[in-house]
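To convert, note that position 114 of the sequence shown is 113 in numbering that gives the first Met the number 0; the numbers rise steadily by one, no gaps. All residues carry an ideal CB built from backbone N, CA and C; glycine is no exception. No experiment lies behind these values; they were computed from the predicted model shown. For reference, the structure discussed in these notes is given below.
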Amino acid sequence: MNVLVAKTANDAERIAYTLIKERISGKHDFVLGLATGSTPVGMYQMFKQDALDCSHVTSVNLDEYIGLSPEHPQSYHRFMKERLFDEVPFKQSHLPQGDAPDPQAEAARYEDLVRNLGVDLQLLGIGENGHIAFNEPGTALDAKTHVTELTESTREANRRFFDRLEDVPTHAITMGLDTIMNAREIVLVATGERKAEAVQHMIESVPTVDWPATILQAHPGVTVVLDGAAASRCAESLQARGQEAATRFFTIRD
Ligand code: PGA
């Protein structure tokens, strides 16, 4: 796990964006795993400002709420359309279908699709409870794409996008931890103090279902990009590990 600590959230987003841009550019074909939530918004802005050529890139998103149609204002389909796809054309874009009549069958279809495409690089955020995508604490480490019930803390965290807590869906279709681990490369971005505890577990705890992101320690190609606030609880261990392992600790200069 290569850990980079930037001075500000914007620097962290810039580093992650630059890494993604480097990987995409000059390739004939690329499969990019995308995420929703607040974390990638700044990066998607950079895609747009740069008018990054994604015409050869197929995107696959991590998850979608069950019960919301692709047109629903709070669906992840709409989020991606409004934040990125409307302005940056991709070759093809895929998300799980939240209003599929049989969500289990839809999860199985999506798993096959993602496996067959083969993700070159997956962008991830992390939840305050250590979830990645909607793999909540307790999710089996070998889970494939599945239907999951959201925890109350996740629904609370995502409530800001909805009028009322009751409107936040209770279930979602999400890539599983094993699906995510199958990506060739993973870039996880976390910014802000409220992510510090989850980040500390991700980096310092032994892999455990209690903190799903700890599974990323077992992936050979993970880059974690943090700002100082998100790294605040593990600065010492990052510095210590820097001398022994492939962990780097640096600050972007103005
Ligand atoms: P956030 O969510 O980017 O909105 O903080 C991340 C997540 O829950 O995975």
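Original post:
Beta carbon of M174, beta carbon of A234: below 8 Å?
Top reply: no
Original post:
Nearest to P69 by alpha carbon, out of K47, L94 and V205?
Top reply: L94
Original post:
Taking the C-alpha atoms as reference points, what is the distance between I19 and H55?
Top reply: 14 Å
Original post:
Since L120 and E184 are thought to touch, with beta carbons under 8 Å apart, how far apart are those beta carbons, to the nearest angstrom?
Top reply: 5 Å
Subject >> Close Cβ partners of S152 (< 6 Å) along its chain, the five nearest in sequence each way excluded >> reply: N128
Original post:
ligand 1 heavy atoms versus the CB of T138: any closer than 7 Å?
Top reply: no
Subject >> Inter-residue CB distance, T190 and A142 (contact presumed, cutoff 8 Å) >> reply: The Cβ separation is near 26 Å, so there is no contact.
Original post:
For S58, does the count of other Cβ atoms within 10 angstroms reach 16, so buried, or fall short, so exposed?
Top reply: buried
Original post:
Is there contact here, the segment 109–118 with the segment 153–163, by at least three beta-carbon pairs under 8 Å?
Top reply: no
Subject >> Completely contained beta strand (DSSP E) runs for the segment 175–226, where each covers 3 or more residues >> reply: 184–189 and 221–226
Subject >> For L33: DSSP bridge partner residues >> reply: N60
Original post:
How long is the line joining the alpha carbons of T169 and N134, rounded to whole angstroms?
Top reply: 14 Å
**OP:** Would you grab the beta carbon distance between E196 and R232 for me? Rounded to a whole angstrom, and I think it's under 8 Å.
**Re:** 6 Å
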